[in-house]
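Numbering (the working numbering), first residue to last: 2 to 62.
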């Protein structure tokens, strides 16, 4: 099975110095903060039925 390009890019670490200003948010940081806000673990994300149930409880719209 071939790893998708998006997943490869997601795990890539860029070498060199950071630019000036506030550091950019990366996808992993955003996902971790969202899981923390909803009081969920990464294990819940592996079970689709449980994940959908928890998400609909968190945001009923």
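Every residue gets a Cβ at the ideal spot worked out from N, C-alpha and C, and that includes glycine.
Query, Result
"Cβ neighbours of residue 2 in the same chain (closer than 6 angstroms, five flanking residues each side left out)", "At residue 2 the pLDDT is 49, less than 50, meaning the model places this residue with poor confidence and gives no usable figure here."
"Three-state secondary structure assigned by DSSP to residue 33", "helix"
"Where residue 42 sits in the DSSP three-state scheme", "coil"
"Distance between residue 18 and residue 39 (C-alpha atoms, nearest Å)", "34 angstroms"
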